[in-house]
């Protein structure tokens, strides 16, 4: 029983964090594979994309795909949602990627992203979409 006791009482916090980190890194690798990382700076392809919306679209698509992969793997995806909100992604877009409504996405991640993006309560960064479904306009 000593091994069973150890198994059910061992501190697993560090191990759980390591597994989540590894899973998130793997989701990133798959997003790179599917969406791509874009051309290298200084190349003709990179120059051709400058002053276009392609880099922003690629970044948004990459994060949305990474979120989908993370959710399918059972992760929460809060870090990715935080990045998406900072990039200006709406709750409707995040919800679509997550397979839920904008309201459900906001209910799942809204309070946590607001707490992280506006810890002092002075207002969200200007890049964050102004689309809180609970605020009457």
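Residue numbers (the working numbering): 297 to 433.
Don't be surprised by glycine CBs; every beta carbon is placed ideally from N, CA and C.
Values in this document were obtained by computation on a predicted structure and should not be read as measured data.
Of the candidates 414, 406, 348, 365, 365 places its Cα closest to the Cα of residue 395.
Selection 323, 359, 326, 406 evaluated against residue 429 yields 406 as nearest (Cα-Cα).
The C-beta separation of residue 386 from residue 427 comes to about 5 Å, placing the pair in contact by the 8 Å criterion. Taken through DSSP and simplified to helix, strand or coil, residue 426 comes out as coil. Every unbroken stretch of the alpha helix (DSSP H) spanning 4 or more residues and falling wholly within the stretch 319-349 is given here in chain order: 340-345. DSSP places residue 417 in the coil class of the three-state scheme, outside both helix and strand. In the DSSP assignment, residue 379 falls within the alpha helix (DSSP H) that extends over 374-383.
Contact between residue 314 and residue 369 is absent: CB atoms are separated by about 15 Å, not below the 8 Å threshold.
Shown here, residue 308 sits in coil according to DSSP, grouped into three states, outside any helix or strand. In this structure, 390 is the residue among 416, 311, 390 with its C-alpha nearest to the C-alpha of residue 425. Note on residue 304: under 16 other CB atoms within 10 angstroms of its CB, so exposed under the neighbour-count rule. Contact between residue 410 and residue 384 is ruled out by a C-beta separation of about 15 Å, above the 8 Å threshold. Residue range 387-394 is occupied by the alpha helix (DSSP H) that includes residue 389. Our two residues, residue 414 and residue 352, have alpha carbons roughly 23 Å apart in a direct line.
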